[in-house]
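S.K.: Mind looking over this structure? Questions follow.
There are 4 protein chains.
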Amino acid sequence: MNVFSYRPAPEDLSYTFGGRPAVARIAPGSIVETYTEDCFGGLVTSVGDLPSRVCEFPYLNPVTGPFHVEGAEPGDTLALHFVSIEPARDWAVSATFPHFGALTGTHTTAMLTPPLEELVWRYDIDTAAGVVRYHARRSDFTVELPLDPMHGTVGVAPAASEARMTITPDAHGGNMDTPELRAGVTVYLGVNVEGGLFAIGDGHARQGHGEVCGTAVEAAMNTVVAVELIKGVSTPWPRLEDDGHLMSTGSARPLEDAYRISQHDLVTWTSELTGLDPLDAYQLVSQIGEAPVGNVCDTNYTMVAKLPKSTLGRPDVYESAHDRLRALGRRYLAER
Amino acid sequence: MNVFSYRPAPEDLSYTFGGRPAVARIAPGSIVETYTEDCFGGLVTSVGDLPSRVCEFPYLNPVTGPFHVEGAEPGDTLALHFVSIEPARDWAVSATFPHFGALTGTHTTAMLTPPLEELVWRYDIDTAAGVVRYHARRSDFTVELPLDPMHGTVGVAPAASEARMTITPDAHGGNMDTPELRAGVTVYLGVNVEGGLFAIGDGHARQGHGEVCGTAVEAAMNTVVAVELIKGVSTPWPRLEDDGHLMSTGSARPLEDAYRISQHDLVTWTSELTGLDPLDAYQLVSQIGEAPVGNVCDTNYTMVAKLPKSTLGRPDVYESAHDRLRALGRRYLAER
Amino acid sequence: MNVFSYRPAPEDLSYTFGGRPAVARIAPGSIVETYTEDCFGGLVTSVGDLPSRVCEFPYLNPVTGPFHVEGAEPGDTLALHFVSIEPARDWAVSATFPHFGALTGTHTTAMLTPPLEELVWRYDIDTAAGVVRYHARRSDFTVELPLDPMHGTVGVAPAASEARMTITPDAHGGNMDTPELRAGVTVYLGVNVEGGLFAIGDGHARQGHGEVCGTAVEAAMNTVVAVELIKGVSTPWPRLEDDGHLMSTGSARPLEDAYRISQHDLVTWTSELTGLDPLDAYQLVSQIGEAPVGNVCDTNYTMVAKLPKSTLGRPDVYESAHDRLRALGRRYLAER
Amino acid sequence: MNVFSYRPAPEDLSYTFGGRPAVARIAPGSIVETYTEDCFGGLVTSVGDLPSRVCEFPYLNPVTGPFHVEGAEPGDTLALHFVSIEPARDWAVSATFPHFGALTGTHTTAMLTPPLEELVWRYDIDTAAGVVRYHARRSDFTVELPLDPMHGTVGVAPAASEARMTITPDAHGGNMDTPELRAGVTVYLGVNVEGGLFAIGDGHARQGHGEVCGTAVEAAMNTVVAVELIKGVSTPWPRLEDDGHLMSTGSARPLEDAYRISQHDLVTWTSELTGLDPLDAYQLVSQIGEAPVGNVCDTNYTMVAKLPKSTLGRPDVYESAHDRLRALGRRYLAER
């Protein structure tokens, strides 16, 4: 088993997809063990640390990477299987912002109303018990919520020589902020540049649908990813696969366009996998498809379109990359 | 037990919320047994029955009612508990349309491209087995999907002397098309006119999130509703409650506004039920809230914001109307 | 010349399109002299009259009418030519609102931020000089702006037995709030019910593009309209014609859909009037069309698509109704 | 007078804002004479040259530059005055596209309908007569339209180390496609990186509001720009000034957000220039502001908010940069 361990120093973190040289080269079939900082760069450690004071734009939402996958060329697809995502600290933080989140004016949904108050919450993480604990700021109310670790941000270098802030989700991936991106899931990303140049970050101990206040339970993570390269197969928008489901994503504004992209891709993909006529696939997805919301707060919004594989008779997907990576991941965990 | 049975003749069906006299008066605390036609008025019975030929605008999406609830006045809330929703036939139908659905141009998302093909699918319903069977139109592919009956349309007469097509969801309810509206669920609707004037229709044997092609598995239903009136309590947008969850809805365009309305209402409602500061409630909903998509095809789009009641310590909701109606419904079913 | 004078008492005003009986019957070819109250029902007379205190929902944006046009049937088109629009008082008012306008959260763009302040401005109208005078509320700044009277609201009863608040613009017309609706303009409205049932209101002494704060320079008006009926010609969305231009409107959300509707209608109309292939018409409109913004604050937003008639070789439009009504209006003014 | 002439070779053209070294260094106060290719890179020369065949993604919409302005630092503002914009050829072209334009499905407004037909139009340019001639493709119809040269694309390197395709408009400028960007206009752009790194391209012989089909009358241009640097003054979104008007721009989706940004900036700017309270400025802009549509087809949509300077008592704007550059431009033209 080819295992590569990488822990970035603060100055190694990246704030864009594209426009940065690789931090390492990875052979397809490898396991990558790494660490990701939280979206605040670890600078918000208590309810007194207001992001507007301790963080500096644009040094937000750092990602670890990019990693160059040997042999990856435009038109190929990277398969990144998340073997494990484990909180690196026993606490996490979240915040509201004056101009960020779905229920406040922002720099683009520009308003003349007074801004929202900036406020920080600190959560306790109990990995053994599998819970995070919420504490209200203005009363004694406290409650345990299920721990459900995920990565908000995963992506590759964009096409067309672009470099995009890590906070933006688009066809290259990025800050999709979907709770579906858990351990056990394989993410498929179309390669736009030599080496693909993938990076990951923005761990969440858990997140609601839409990340309505603008941040999740933000946590540093120790994460293990198994990497494959699928040659000669392109992928228009990031796709996810777990043991039971296929998922397409779309990131755009307005939110209905994110929905359209994700559903269109799932319909098209279904048609390709099964040989169904596109209208037959449209009908089938209409009745059995789910649409878990990713984010409704970032510079693009993200929707996921999700289908049980059993509906399609368990078709062969990306040359069975998920099954292979799942097995590799289990072997890794057993041997660790 | 006060049980009222009502089966509409075709000429009794209604195509608007508002603008119509009541078909019957109901005392609070009653059970209503009734029948709803499918969204095509039962006129599409085979794949050869194109809606554009057998249906006539605006005679689409008929609802049964409206029912006058005695004592209901503006500022009150109706609680409608869906005791049972059972397919009235062993088949159902669905269709694509030239100018309706999320992945085609419409009369408002106006396009110069050729329209989508109109095509009909007929499903078999096996109530005993709890499945509906999909048959592809252009291949032999067929698959069983779980039966999951629901009502796409429920609402009251709108405020401000409006009458709205039943296809439109808004603050009065209407065609929300959320799969969350199953048997076992209580719907809360704010009363705008004397008697409230509720009506229901548009049964679906099942539906995907967003109803992407524009129609679900459309079915006539035998439905039983238990009715309560909550005096002096207003409800800004339709809310739902089941044994485990609270849900707020929002219906608007663009889709992010439907999301905003539903999340804003759930945050506000959470704050009221628990005494949490609104920002504390915002933070909590952000981390534990779900956002099941209703429809992304109707004249307004619908989103649902959903929270486990356990998170809030099982607060007292609408004077425990759901628990009471749930018990009444179970008694009715046991005695039937 | 058939001249009909009608001045409504306050209790005669209407707050919906549809759902109301006609106040009078008009023969095609007639002139209607009438009076319209301002959007506040005349209740805001000074900067101390906050709308939230002196007005009562839903008694806002009253319209005068509806008028039954003899012989009008579904599928016909009403041509309403605005002969003159004259301020009925030497003052007008405007306001900001806590939850209305483009730069504040609203009931659908729901926000948790504090609402916008409610504030009233009173303008002086000098009809002889052709100006309105703005006075700042919080400084001595004052400036004269050109008087440019228009009607924000004109429409007919909607299709499908709907009744809509007068504040909503849609395919039936309504509160489009376009400054293009001046004296000298003919409005074409598709007839949905017997008699058409047109009504007008919401006079503005002038208005910026988009009515960004939610209200214009709101004024009561003495208005004269010349009416024709065009039999057997349908009109999908309200259209306008002046001596130099053809205009199509679209009202929807998001704003790009209002743009799409208006441009699609102008392209289609251009193709019909000239025999141009639709793609040739699309290209031509792309290069010479204007797109004056109507409103970006109402329950639907309104865009106008505008083309110089000279570009099309002055085609015959609606059987030359505008030219005929223009001449009738001039004769009326000369004889008055 | 410091005049710098620069004519790019094809390999010198740039396809991003950001991510590219400067082609030249310019001292503030200089005149730049240059050449810009059309959006097709000059490869579409007849109606037989379909862009999908002769052009290659992402080599579309080339810009000339970037130019490093000496002394420019983040927080400063560049003032670019367009002295003259003259078509470099006696023809221009336009096209419809299968997945681009406001009235067709696109990669983000994803549809299952058949795509729009790709078709090219070639226009004659008669600079002396001041007209462009349209020729229908599918009939003999032809008409002269006023020549009104402008640049669709002008911008600087974005903030946050981003590189963006030239087709995207955003806070850094880019492909705003507003017909207001004519000769005689000064554009103000906030500086994000050392030297500012401005570039220009995408000349249009003329354009309608919204560029509805996706392209204007696309033309190579000989363009002269006068450049100033305003130290220590930042500019949040591109602004324009001509002899009579101030203009703010906003680029976003949905279109109402582009409107909100532009109006919010104009209100804020008005308040700063005049000392008016923000609500007083909001009211004034609401009644006298225009909102010319830029584009409703690009990856972000663009709106312009426009105000007559006379309304504000001709305030001092950007240290009178426009007046100074206007005078410099006139001197240059007189001496040429």
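Protein chains in written order, with our numbering: chain A, 127 to 462; chain B, 127 to 462; chain C, 127 to 462; chain D, 127 to 462.
Think of the CB as a built atom: it goes at the ideal place given N, C-alpha and C, for glycine as much as any other residue.
If you're wondering where the values come from, they're calculated on a predicted model, not measured in any experiment.
Would you kindly report the start and end of the unbroken alpha helix (DSSP H) that includes D:V180?
M.R.: Stepping through the fourth sequence from its first residue, residue 180 of chain D is reached at position 54. Where D:V180 is concerned, the enclosing alpha helix (DSSP H) stretches over 177–180.
S.K.: List, from N- to C-terminal side, the alpha helix (DSSP H) runs of 4 residues or more that fit wholly inside the stretch 167–212 of chain B.
M.R.: 177–180
S.K.: Which same chain residues end up closer than 6 Å to A:G310 when comparing Cβ atoms and leaving out the 5 residues on each side of it in sequence?
M.R.: Within the first sequence, the letter at position 184 stands for residue 310 of chain A. So the qualifying residues of the chain are D368.
S.K.: Select from C:R456, C:V443, C:E163 the residue whose C-alpha is nearest the C-alpha of C:V313.
M.R.: In the third sequence, counting from the first residue as 1, residue 313 of chain C sits at position 187. Comparing alpha-carbon positions, the option among C:R456, C:V443, C:E163 lying closest to C:V313 turns out to be C:V443.
S.K.: Using Cβ-Cβ distances below 7 Å, what residues of the stretch 312–344 of chain C are close to chain D?
M.R.: R332, Q333, G334, H335, G336, E337, V338, C339, A342, V343
S.K.: Are the stretch 192–199 of chain C and the stretch 251–269 of chain C touching, with three or more C-beta to C-beta distances below 8 Å?
M.R.: no
S.K.: Could you tell me whether any Cβ in chain C is nearer than 8 Å to the Cβ of B:R151?
M.R.: Position 25 of the second sequence holds residue 151 of chain B. So no, B:R151 is outside the interface.
S.K.: Between D:E163 and chain C, is there a C-beta pair that is closer than 8 Å?
M.R.: Position 37 of the fourth sequence holds residue 163 of chain D. Answer no: the Cβ-Cβ gap between D:E163 and chain C never drops below 8 Å.
S.K.: What are the start and end residues of the beta strand (DSSP E) that includes D:P418?
M.R.: Here the question's residue 418 of chain D lines up with position 292 in the fourth sequence. No beta strand (DSSP E) holds D:P418; DSSP gives it neither H nor E.
S.K.: Given a threshold of 16 other Cβ atoms within 10 Å of its Cβ, counted over all protein chains shown, does A:N128 qualify as buried or as exposed?
M.R.: By one-based count along the first sequence, residue 128 of chain A stands at place 2. By the Cβ neighbour-count rule, A:N128 is exposed, with fewer than 16 other Cβ atoms within 10 Å of its own.
S.K.: Would you say A:M429 faces chain C, with C-beta separation under 8 Å as the test?
M.R.: Taking the first residue of the first sequence as position 1, residue 429 of chain A is located at position 303. No, A:M429 does not count as interfacial toward chain C.
S.K.: If you measure from the beta carbon of D:P380 to each beta carbon in chain A, is any gap under 8 Å?
M.R.: Reading the fourth sequence from its first residue, position 254 is the one you call residue 380 of chain D. Chain A contact via Cβ: present.
S.K.: Would you list, in chain order, the members of the stretch 242–260 of chain A that have their beta-carbon closer than 7 Å to a beta-carbon of chain C?
M.R.: L242
S.K.: Is D:K357 buried or exposed, if buried means 16 or more other CB atoms sit within 10 Å of its CB?
M.R.: Counting from one through the fourth sequence, the residue named residue 357 of chain D turns up at place 231. By the neighbour-count rule (16 or more Cβ atoms within 10 Å), D:K357 is not buried but exposed.
S.K.: Could you tell me whether any Cβ in chain A is nearer than 8 Å to the Cβ of D:Y408?
M.R.: Within the fourth sequence, the letter at position 282 stands for residue 408 of chain D. Cβ-Cβ to chain A under 8 Å: yes for D:Y408.
S.K.: Which full runs of the beta strand (DSSP E) of 3+ residues lie inside the stretch 249–333 of chain D, going along the chain?
M.R.: 257–261, 268–272, 276–281, 312–316, 324–330
S.K.: I think A:R332 touches A:P272, with their Cβ atoms under 8 Å apart; what is that distance to the nearest whole Å?
M.R.: Taking the first residue of the first sequence as position 1, residue 332 of chain A is located at position 206. Taking the first residue of the first sequence as position 1, residue 272 of chain A is located at position 146. So it is a contact: roughly 7 Å between Cβ atoms.
S.K.: Tell me where the beta strand (DSSP E) around C:L229 begins and ends.
M.R.: If you number the third sequence from 1, residue 229 of chain C lands on position 103. Where C:L229 is concerned, there is no enclosing beta strand (DSSP E), given that its DSSP letter is neither H nor E.
S.K.: Measure the alpha-carbon distance for C:A153 versus A:L242 and round it to whole angstroms.
M.R.: Here residue 153 of chain C is taken as the residue at index 27 of the third sequence, counted from 1. Here residue 242 of chain A is taken as the residue at index 116 of the first sequence, counted from 1. Roughly 57 Å separates the two Cα atoms.
S.K.: Return the CA-CA distance between A:P188 and A:A150, expressed in angstroms with no decimal places.
M.R.: Counted from its first residue, the first sequence places residue 188 of chain A at position 62. Counted from its first residue, the first sequence places residue 150 of chain A at position 24. Cα-Cα distance, rounded: 17 Å.
S.K.: Quick check on the DSSP output: the alpha helix (DSSP H) that includes C:L242 runs from which residue to which?
M.R.: Stepping through the third sequence from its first residue, residue 242 of chain C is reached at position 116. It is not in any alpha helix (DSSP H) - C:L242 carries neither H nor E in the DSSP assignment.
S.K.: DSSP puts C:Y427 in a beta bridge; with which residues?
M.R.: Mapped onto the third sequence, residue 427 of chain C falls at position 301. For C:Y427, the pairing in a beta bridge is given by DSSP as C:A378.
S.K.: Alpha carbon to alpha carbon, what distance is there between A:A286 and A:G145?
M.R.: As a working mapping, residue 145 of chain A is identified with position 19 in the first sequence. As a working mapping, residue 286 of chain A is identified with position 160 in the first sequence. Each residue's alpha carbon lies about 11 Å from the other.
S.K.: What is the residue span of the beta strand (DSSP E) that D:Y161 lies within?
M.R.: Walking along the fourth sequence from the start, residue 161 of chain D turns up at place 35. 157–162 is the extent of the beta strand (DSSP E) around D:Y161.
S.K.: In the DSSP assignment, the alpha helix (DSSP H) including C:R215 goes from what residue to what residue?
M.R.: To locate residue 215 of chain C, count along the third sequence from 1; it is residue 89. From DSSP, C:R215 is part of no alpha helix (DSSP H); its letter is neither H nor E.
S.K.: So is A:L399 in contact with chain B if we call contact Cβ pairs under 8 Å?
M.R.: Here residue 399 of chain A refers to the residue found at position 273 when the first sequence is read from its first residue. Answer no: the Cβ-Cβ gap between A:L399 and chain B never drops below 8 Å.
S.K.: Give me the chain G residues within the contact set of B:A236, using Cβ-Cβ distance strictly less than 8 Å, ordered along the chain.
M.R.: The structure shown has no chain G; the protein chains it does contain are A, B, C and D.
S.K.: Whole-angstrom Cβ separation of D:P177 and D:Y141, contact assumed at under 8 Å?
M.R.: On the fourth sequence, position 51 is the one that residue 177 of chain D refers to. On the fourth sequence, position 15 is the one that residue 141 of chain D refers to. Actually they do not touch by this definition, with Cβ atoms about 15 Å apart.
S.K.: How far does the beta strand (DSSP E) with B:Y132 in it reach, from first residue to last?
M.R.: Here residue 132 of chain B refers to the residue found at position 6 when the second sequence is read from its first residue. Unbroken beta strand (DSSP E) run through B:Y132: 129–132.
S.K.: Anything in chain D within Cβ reach of C:S220, meaning under 8 Å, just list it in chain order.
M.R.: Here the question's residue 220 of chain C lines up with position 94 in the third sequence. By Cβ distance, chain D contributes Q409, S412, Q413.
S.K.: Pull the bridge partners of A:G336 from the DSSP assignment, please.
M.R.: As a first step, residue 336 of chain A is located in the first sequence; it is residue number 210 there, counting from the start. DSSP output for A:G336 lists A:N421 as bridge partner(s).
S.K.: For D:P240, which residues in chain B fall below 8 Å Cβ to Cβ?
M.R.: Counting from one through the fourth sequence, the residue named residue 240 of chain D turns up at place 114. Going along chain B in sequence order, the residues near D:P240 (Cβ under 8 Å) are T239, P240.
S.K.: Quick check on this structure: which residue in A:G376, A:W217, A:V351 has the alpha carbon closest to the alpha carbon of A:A453?
M.R.: Walking along the first sequence from the start, residue 453 of chain A turns up at place 327. Closest by alpha carbon: A:V351.
S.K.: Does B:E137 have its Cβ less than 8 Å from a Cβ in chain C?
M.R.: Within the second sequence, the letter at position 11 stands for residue 137 of chain B. Closer than 8 Å: no.
S.K.: Between C:D296 and chain D, is any beta-carbon pair separated by less than 8 Å?
M.R.: As a working note, residue 296 of chain C is residue 170 in the third sequence. Not closer than 8 Å to any Cβ of chain D, the Cβ of C:D296 fails to qualify, so no.
S.K.: Determine, using beta carbons only, whether D:A262 comes closer than 8 Å to chain C.
M.R.: The sequence position of residue 262 of chain D within the fourth sequence is 136, counting from 1. Yes, because at least one Cβ of chain C sits closer than 8 Å to the Cβ of D:A262.
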